[in-house]
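Let me begin by presenting the structure, written as structure tokens, before commenting on it.
Residue numbers (our numbering): 6 to 630.
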């Protein structure tokens, strides 16, 4: 039985997504569309309803469990067995040439698999090199993907490959929700009669798309529109230059849907609603001018130079009353002089239980190392028989996990020249192929927390503890390992070695006091020691260092410049290749930007504490250059 397609005209609301889909259908150069939204918001229904309005272009759906040979094509087994020759058998991607390729739950695909699909859609061709076959095939298709962010998002570089982005949201109006239920019940009761009710409206949309396609080639882009597109993307701080091209192509489709052969600024403004939101970046604030270098501390036994009479001391930087009461914010005294008596005062801040849940999304490059372990965080190759079979390879030794399908494909072209005897197919040792599997494992997060006196001001530590606890909750769900280091006064202390007990980490954090100066260099050095020691025990570990600080390094055990020493250790961390994140807790009106400087030196991803609480997601990518 052929299931009737739910008409596009019968879908209640979701006008933004409908518009984005029509733009992608009219102009394939707009770069396809990524539809994201929570469960039960008709994402798949919206996309599948396009099958009735695309005309000659068909909607081809990619199965979620599709293998590489199913998608890209491979050896024609039947021809190889009968003729003893290799011949390319096209896959789903070849059939999608000049059509629409729909990928449901696109965020669940492997990154390299999805990257190959996006490359093929962007260039219009793809090459297959496998099992003695070399074939170049056309694949000029329009990609349409849907995903539920609750199950994980795509990396920013993957999202950037899509021209358009549309967010689906549930209907909040009670009348609209009632109408949705009425239409679904009517469709399920009498689908044919229901579709006939909206046949005229659907046909009108189909005709609009057909006319828009015919007008598209006649729409030229003027210099004024190019300038406007460049200005829009520059104001959005969009990375790269894909945005300008997608913006202009989407505007052309919008003009064509309006029945015009010329562009208006309103077309670009509407197109920007689909092209720019996912590409917008915050403007990077320039660093403030470097403060004047402090004079070198006087050698022991010599007195500092006398101040002129009636000369007031230099003014303190503007702070609120609470920070002025914190003696820890004072300048480091010269060597040989004791710190002020109030620097040892401590207080324990509560955990901010209202801090939103933070999801840590890893987009780290996979290496060729086979890893073991358990968890739910990231994909890795494994030499066990657990995990998903993703591809095959030539074994280096004894075959422990036979890839039966790949072995048959390797043996098929030689059957005419082999003595099969009573066997249907003769397989020799050189035909054997080993399965390559992938599975999910947990990650290792080492939290390095600034517990100096400056963190106690303005209840910063309460918010910091709330943020770290929110990240620990995500680590618990993904079965990660965690460790905790705190630095204050003159030293750094390993409060919790790397362990799977997230509860212990939360308890250590709860009773962590604040007070004293900020030995940032010692905190980073302790992190290096912990990671080096752990790597000796677990060489498969891929750690992530999370530094939480305001960056105000004002002391060091060497007696030198605390900030210079911290930057030196940060450079060492970058050279080791440890992936890191810096969370800036600075909240003063006049920001020094010291934590951003540390992040830059360490090659880290940078977040402010406020940005983290607003976005509720932390993207951890490979070390930045």
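Here a beta-carbon is modelled for each residue, glycine too, at the ideal position from N, C-alpha and C.
Taking C-beta atoms as the reference points, residue 417 and residue 183 fail to come closer than 7 Å. Its chain contains 486 as the residues whose beta carbon lies nearer than 7 Å to that of residue 505, once the 5 sequence neighbours on both sides are disregarded; these appear in chain order.
Contact between the region 14-33 and the region 156-165 is absent: fewer than 3 CB-CB pairs across the two stretches fall below 8 Å. Non-local beta-carbon contacts of residue 86 in its own chain, meaning distances under 8 Å to residues more than five positions away in sequence, involve 417, 420 and 430 in chain order. Within the same chain, Cβ atoms closer than 8 Å to the Cβ of residue 621 are found at 361, 362, 363 and 364, the five residues on either side in sequence being excluded. The region 241-250 makes no contact with the region 216-225, as fewer than three CB pairs between them are under 8 Å.
When the five nearest sequence neighbours on each side are left out, the beta carbons in the same chain lying within less than 8 Å of the beta carbon of residue 215 are those of 60, in order along the chain.
Put simply, the backbone Cα of residue 606 is about 55 Å away from that of residue 433.
A contact between stretches requires three or more CB pairs, one per stretch, nearer than 8 Å, and the region 246-260 meets this requirement with the region 30-38. Using a C-beta cut-off of 8 Å, the region 542-553 makes no contact with the region 507-514, since fewer than three inter-stretch Cβ pairs fall below that distance.
The beta carbon of residue 217 is closer than 6 Å to those of 31, 261 and 262 in its chain, skipping five residues each way along the sequence. The C-beta distance from residue 411 to residue 442 rounds to 13 Å, too long to fall under 8 Å, and the pair is not in contact. Contact between residue 169 and residue 28 holds: CB atoms are separated by about 6 Å, below the 8 Å threshold.
In the structure shown, residue 140 falls within a strand segment according to DSSP collapsed to helix, strand and coil.
In summary, residue 267 is exposed, with fewer than 16 beta-carbon neighbours lying within 10 Å of its beta-carbon over all protein chains present. If you keep only unbroken alpha helix (DSSP H) runs of at least 4 residues inside the region 56-95, you get 73-77 and 82-88. Within a 10 Å sphere around the beta-carbon of residue 173 sit 16 or more other beta-carbons, which makes this residue buried. Around the beta carbon of residue 246, fewer than 16 other beta carbons sit within 10 angstroms, so the residue counts as exposed. As the crow flies, the alpha-carbon of residue 366 is around 15 Å from that of residue 473.
Cα atoms of residue 99 and residue 207: separation of roughly 29 Å, rounded to the nearest angstrom. Between residue 440 and residue 394, the CB-CB gap stays under 7 Å.
When the beta-carbon positions are compared, residue 97 and residue 76 come within less than 7 Å of each other. In summary, residue 591 is buried, with 16 or more beta-carbon neighbours lying within 10 Å of its beta-carbon over all protein chains present. For secondary structure counted as the alpha helix (DSSP H) over 4 or more consecutive residues, the region 522-584 holds these complete runs in sequence order: 525-542 and 567-581. Membership of residue 612 in the beta strand (DSSP E) is indicated by the continuous run 610-613. Residues 558, 559, 560 and 561 of the same chain have their beta carbon placed closer than 6 Å to that of residue 567, with the five preceding and five following residues left out of the count. By the Cβ neighbour-count rule, residue 524 is buried, with 16 or more other Cβ atoms within 10 Å of its own. Annotation for residue 106: no alpha helix (DSSP H) segment contains it, though the beta strand (DSSP E) segment containing it runs 105-108. Here the region 475-494 makes no contact with the region 575-587; the two share fewer than three CB pairs at distances below 8 Å. DSSP places residue 174 outside both helix and strand once states are collapsed to three, so it counts as coil. The residue from 15, 73, 92 and 10 with its alpha-carbon nearest to that of residue 56 is 10.
In this structure, the straight-line span from the alpha carbon of residue 491 to that of residue 577 is close to 19 Å. Taking the C-beta atoms as reference points, residue 42 is found no nearer than 7 Å to residue 108. Nearest in C-alpha terms to residue 12, of all of 200, 193, 123 and 49, is 200.
It is roughly 11 Å from the alpha-carbon of residue 285 to the alpha-carbon of residue 277. Pairing residue 137 with residue 187 gives a Cβ-Cβ distance that is not under 7 Å.
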